[in-house]
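Asks: Chains as they are written, first to last, in the numbering used here: chain F, -16 to 360; chain W, -16 to 360. To start, I am sharing the structure in question, which I have written as structure tokens.
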């Protein structure tokens, strides 16, 4: 029986496990045995494979475990392991770094003439993969962020004389996640100012923007990306994550909300609170977007369908006839369109038209002991 | 027509508005007109009154706005305003400071012989009111915290070699909120270590506890109260909230997670991340506990029933025949029982028996634009 290996890579998302289930259900139809590799590529090298079932579909994070591992010269080792286990299909769920890994494996197999179809499955809360309309994982994170902003808005309104509240959102190089705060504006509970990494951050303009709004309203709600950069293109380095740099050399950011809080306190003497939405942005399964969950499932299904059709070295998309090669996607970043950013601190309605379908619908989680019932390995 | 004035005080909760609706619905039955004072006591002094309706029942925060205002000599002014508007009932929703305020007003009215029934309505995420079994607001915060811990647990499990994750939870003087992280253990996704303010925090013991667990599991999940104190009883002062001290002189805390992250990084050189759950703990209406919402509604109803029976100077309870005077509750703090804390860093099953009923059930929110539909003034 032919074996399909599937792995998860990069950061967790609320819906990444739905892609695993999509792969499993479609593979079954073609009489292919599915095994998951524990901790991505690392699980291949360790021959650490497990079976899984449909029960994980609504569990966030990464059921198989993930890895941030950059291949150097392990291709021959992988080939031998695949031959040994009769692996004819390999699906790797991840972002642009994972696409690069999958692409290299696909190219190696082609070069040595080993018949194994390699398909990437898109996943990233950052929504920064090129070529594809949107990435599974983004919709649920956006739904969590916009809901949190709406609720923080209500919280910050309760006192007559309020404060400046600065909320920090993930997204190292692209502002998609930060922009999602704008959804709350549709319910009249949105932020006053939004700062994305695509536009260089001018501290003194920021202070004067905050001052102006505070004078009018006695409260200001600011949403800012962890990845904002100064006019030289450098990150504001105030990392709150110690010893955390990964194998790809990505610096883990965080701490911008605190830094800007200190700035406002020093420059304007106003009451101010910094809030970092932090890890819950990527694992809040309890407020998963139904559309996002369904999209994640669908790219899992389509990955198997592409492989069965004979494709290798491609990224699964929502429509089978819209092909995207891994080559085109690997290591590239799709930034938030500059034309959707107004005056450096506002987001246009065009973005809302884009994002609203992605946050639509709720997944009804099962609860146990008053909290969602999730699965673990 | 007799008028009932109702106000909200202190910090927001997810369910405080359900108490407003309970008051309204019960008052209607007795042909009493209900008006809400905007921003608590401040709204009385400003004669800033509004009507409201049932539509706010599932909206978090405080629909009428809140205040942290300590009365000095405004009693006569309040009396005249009450007489002017024919106010015969006053209900104040809040914690122990608000009970103190209500008690003083009740006593003043008794002293001058003005017939107005004053009833306090319990509310605090901190769950620290004495005499009452549990406080409306706590169950929803506990549900949010335990859900977040469960999801953070899953997130922190994805990498083979993980990190130390330190989650900071609200609760200045009582550990009830922090303890709620323990609920996630029932689903096998709980924290390794929990630190409450009731037990003095020993930094070197903490470092060695973390070291031991990391050596076993390569990852550690710590939950810590913002209000932990050293052996002299002093807070660890690393406030991330600037210029925020309130009228009651309470220092606003925050920053413990960051401080302890730096400690672990310095002492053990381990990868570590600090997470502050922050404001969403008290306003996450999207994961409201149904039991908590119903409790908040019920104390609103019972407040009116007590007043109709002729009581004044009491706190509304779940059962009408279990009377609690405001005098007994004002400014007092109910701490987490020491007997439920094991070895200074674990929580006993007795607590779980206490808390599970409080987090039970989910409120089905209406959604609009992919996020909950809430009401504002």
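Just so it is clear, CB atoms sit at the ideal spot from N, CA and C, and this is done for glycine as well.
What runs of the alpha helix (DSSP H), each 4 residues or longer, lie entirely inside the segment -8 to 46 of chain W?
Replies: Taking only runs of at least 4 residues, the alpha helix (DSSP H) segments lying wholly in the segment -8 to 46 of chain W are -1 to 12, 24 to 28.
Asks: Answer yes or no: does any C-beta atom of chain F fall closer than 8 Å to that of residue 242 of chain W?
Replies: As a position in the second chain, residue 242 of chain W is number 259, starting the count at 1. No, residue 242 of chain W does not count as interfacial toward chain F.
Asks: Could you work out which residues of chain F lie near residue 268 of chain W, taking near to mean beta carbons separated by less than 7 Å?
Replies: What you label residue 268 of chain W is simply residue 285 of the second chain in a count that begins at 1. 134, listed in chain order.
Asks: Which same chain residues, not among the five before or five after residue 158 of chain F, have their C-beta less than 6 Å away from its C-beta?
Replies: Locating residue 158 of chain F in the first chain gives position 175, counting from the first residue. Excluding positions up to five away in sequence, the list reads 179, 180, 181, 208, 319.
Asks: Residue 49 of chain W by DSSP, collapsed to three states: which one?
Replies: Numbered from its first residue, the second chain carries residue 49 of chain W at position 66. Here residue 49 of chain W sits in strand by DSSP.
Asks: Please list, in chain order, the residues of the segment 242 to 267 of chain W that have any C-beta partner in chain F closer than 9 Å.
Replies: From the segment 242 to 267 of chain W, only 244, 245, 247, 248, 249, 252, 253, 254, 255, 256, 257, 258, 259, 260, 261, 262, 263, 265, 266, 267 have a Cβ closer than 9 Å to chain F.
Asks: Run the CB neighbour count on residue 325 of chain F, radius 10 Å, all protein chains shown included, and call it buried at 16 or more, exposed below.
Replies: Against the first chain, residue 325 of chain F aligns to sequence position 342. Per the 10 Å Cβ criterion, exposed.
Asks: So the beta strand (DSSP E) residue 105 of chain W belongs to, where does it begin and stop?
Replies: Working through the second chain from its first residue, we reach residue 105 of chain W at position 122. 100 to 105 is the span of the beta strand (DSSP E), which, as asked, contains residue 105 of chain W.
Asks: Mind checking whether residue 193 of chain F and residue 148 of chain F have CB atoms under 8 Å apart?
Replies: To locate residue 193 of chain F, count along the first chain from 1; it is residue 210. To locate residue 148 of chain F, count along the first chain from 1; it is residue 165. Not in contact: residue 193 of chain F and residue 148 of chain F (Cβ atoms no closer than 8 Å).
Asks: Taking only three categories from DSSP, how would you classify residue 325 of chain W?
Replies: What you label residue 325 of chain W is simply residue 342 of the second chain in a count that begins at 1. Here residue 325 of chain W sits in strand by DSSP.
Asks: Which chain W residues are close to residue 199 of chain F, counting only those with a beta carbon under 9 Å from its beta carbon?
Replies: Your numbering for residue 199 of chain F matches position 216 in the first chain. None at all; the shortest Cβ gap to chain W is about 17 Å.
Asks: Compare the Cα-Cα distances from residue 137 of chain F to each of F/171, F/294, F/58 and report the closest residue.
Replies: On the first chain, position 154 is the one that residue 137 of chain F refers to. Among F/171, F/294, F/58, the Cα nearest to that of residue 137 of chain F belongs to F/171.
Asks: Comparing C-alpha positions only, which one of W/156, W/186, W/197, W/154 sits nearest to residue 174 of chain W?
Replies: As a position in the second chain, residue 174 of chain W is number 191, starting the count at 1. Comparing Cα positions, the closest option is W/197.
Asks: Given residue 345 of chain W, which residues of its chain have a CB within under 7 Å of its CB, disregarding the five upstream and five downstream residues?
Replies: On the second chain, residue 345 of chain W is found 362 positions in, with the first residue counted as 1. 273, listed in sequence order.
Asks: Sort W/73, W/71, W/62 by Cα distance to residue 95 of chain W and report the nearest one.
Replies: Counted from its first residue, the second chain places residue 95 of chain W at position 112. If we check each option's Cα against that of residue 95 of chain W, W/62 comes out closest.
Asks: According to DSSP, residue 350 of chain W sits in a beta bridge with which residue or residues?
Replies: Numbered from 1 along the second chain, position 367 holds the residue referred to as residue 350 of chain W. Residue 350 of chain W pairs with W/355.
Asks: With 16 as the cutoff for other CB atoms within 10 Å, does residue 106 of chain F come out buried or exposed?
Replies: As a first step, residue 106 of chain F must be located in the first chain, where it is residue number 123. Looking at its Cβ environment, which holds 16 or more other Cβ atoms inside 10 Å, residue 106 of chain F is buried.
Asks: Between which two residues does the beta strand (DSSP E) holding residue 77 of chain F run?
Replies: Working through the first chain from its first residue, we reach residue 77 of chain F at position 94. Taken as a continuous stretch (DSSP letters only), the beta strand (DSSP E) holding residue 77 of chain F covers 70 to 77.
Asks: Give a yes or no on whether 8 Å exceeds the smallest Cβ distance from residue 119 of chain W to chain F.
Replies: Counting from 1 along the second chain, the entry for residue 119 of chain W is found at position 136. No - not a single Cβ of chain F is within 8 Å of the one on residue 119 of chain W.
Asks: Give me the residue from W/17, W/200, W/60, W/268 with the minimum Cα distance to residue 127 of chain W.
Replies: Here residue 127 of chain W refers to the residue found at position 144 when the second chain is read from its first residue. Comparing Cα-Cα distances from residue 127 of chain W to each of W/17, W/200, W/60, W/268, the minimum goes to W/268.
Asks: Closest to residue 216 of chain F by CA distance: which of F/202, F/184, F/203 is it?
Replies: The sequence position of residue 216 of chain F within the first chain is 233, counting from 1. Out of F/202, F/184, F/203, F/184 has the C-alpha closest to the C-alpha of residue 216 of chain F.
Asks: Could you confirm whether any beta carbon from chain F is found closer than 8 Å to the beta carbon of residue 126 of chain W?
Replies: Taking the first residue of the second chain as 1, we reach residue 126 of chain W at position 143. Yes, residue 126 of chain W counts as interfacial toward chain F.
Asks: Which of helix, strand or coil does DSSP assign to residue 56 of chain W?
Replies: One-based indexing of the second chain puts residue 56 of chain W at position 73. Residue 56 of chain W: coil per DSSP, three-state reduction.
Asks: Exposed or buried, residue 55 of chain F, counting other C-beta atoms within 10 Å across all chains shown (16 or more means buried)?
Replies: Residue 55 of chain F sits at position 72 when you count from the first residue of the first chain. Classification of residue 55 of chain F: exposed, given that the 10 Å Cβ count is below 16.
Asks: Can a CB atom of chain W be found closer than 8 Å to the CB of residue 224 of chain F?
Replies: For the purposes of this step, residue 224 of chain F is taken as the residue at position 241 of the first chain. In this predicted model, residue 224 of chain F has a pLDDT of only 45, less than 50, meaning its place in the structure is not dependable enough to derive any value.
Asks: Is there a Cβ from chain W that is less than 8 Å from the Cβ of residue 349 of chain F?
Replies: Residue mapping note: residue 349 of chain F aligns to position 366 of the first chain, counting from 1. Cβ-Cβ to chain W under 8 Å: no for residue 349 of chain F.
Asks: Quick check on this structure: which residue in W/359, W/354, W/239, W/124 has the alpha carbon closest to the alpha carbon of residue 124 of chain F?
Replies: Taking the first chain and counting its residues from 1, the one referred to as residue 124 of chain F is at position 141. Cα-wise, what sits closest to residue 124 of chain F is W/354.
Asks: Helix, strand or coil: how does DSSP classify residue 130 of chain W here?
Replies: On the second chain, position 147 is the one that residue 130 of chain W refers to. In the structure shown, residue 130 of chain W sits in a helix (DSSP, three-state: H, G or I).
Asks: Mind checking if residue 138 of chain W is an interface residue toward chain F, Cβ cutoff 8 Å exclusive?
Replies: By 1-based counting over the second chain, the position of residue 138 of chain W is 155. Closer than 8 Å: yes.
Asks: Using a Cβ distance threshold of 8 Å, determine whether the segment 44 to 58 of chain W contacts the segment -1 to 13 of chain W, with at least three qualifying pairs required.
Replies: Judged by Cβ distances under 8 Å, the segment 44 to 58 of chain W makes contact with the segment -1 to 13 of chain W, as three or more pairs qualify.
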